[in-house]
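In short: position in the sequence shown from 1, add 3, done, that's my numbering. Where a beta carbon is used, it is the ideal one built from N, C-alpha and C, also for glycine. This report concerns only the one structure given below.
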Amino acid sequence: MARTRRRTPVPLSSCTTGPFLCTVVHMAYGLLAAAIAAEVAGTTAMKYSEGFTRLWPSLATVIGYVIAFVLLAQTLKTLSVGTAYAIWAGVGTAAVAAIGMVFLNESTSLVKLAGIALVVAGVVVLNLGGAH
4 MARTRRRTPV PLSSCTTGPF LCTVVHMAYG LLAAAIAAEV AGTTAMKYSE GFTRLWPSLA
64 TVIGYVIAFV LLAQTLKTLS VGTAYAIWAG VGTAAVAAIG MVFLNESTSL VKLAGIALVV
124 AGVVVLNLGG AH
C-alpha cells in the first residue's frame, strides 16, 4: 500500500503576520479590484449616457458607482485609505484611458501612454514604499 503524503499549504512569502490576516488582506485587494472594475464600468457607461439623457447607460453609471463605493468602503476596513485610494484612482484612471483609446476611438499618443505608465508607476512606488 502506497503511503500518501499530506500536503501542507505553501505559505505566502509576503505573509509574516499569520494566515488569517494574510487571507483578510488578500480579500481586501480582491474587493478593491472589484471596486475598480465597477468604477471603470460606471465611467464607461457614463460615456454612453450622453449627459444622462439615455436611461440604461445612466442607470449603469449609477449602479457602477454605488457598487464601487460600497466595495471601496469595505476595503478601507483592512487597507489604509492612502493605499486603497491610490490604487483605486490610479488603476481606474489607467484602465479608463486605455478603454478610451482602444474601444472609443480616442486619440493615442506617446505622451498619453507615458502618462498612463507614470500613473501605474506611482501606484507601484506607493506599494513598494510600504504604504499598507
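Buried/exposed call for residue i, threshold 16 Cβ in 10 Å
i	result
M30	exposed
T111	exposed
G132	exposed
A48	buried
A117	exposed
Inter-residue Cα distance where the pair is residue i and residue j
i	j	result
L62	E42	13 angstroms
L107	P60	15 angstroms
V126	E53	31 angstroms
V114	Q77	35 angstroms
I70	A36	12 angstroms
T86	R57	35 angstroms
S83	L121	22 angstroms
Sequence-distant residues of the same chain with beta carbon closer than 6 angstroms to residue i, five excluded per side
i	result
A100	I119
V94	I39
Nonlocal neighbours in the same chain, by C-beta distance under 8 angstroms from residue i, ignoring five residues either side
i	result
K80	A31
V27	T81
Expected contact under 8 angstroms - CB spacing of residue i and residue j to nearest Å
i	j	result
L34	L74	5 angstroms
T123	A97	Per the sequence shown, residue 123 should be read as Val rather than Thr. Rounded, the Cβ-Cβ distance is 6 angstroms, consistent with contact.
G67	G45	2 angstroms
Per-residue DSSP class, three states only, for residue i
i	result
N108	coil
A124	helix
S83	coil
F72	helix
T46	helix
G54	coil
G132	coil
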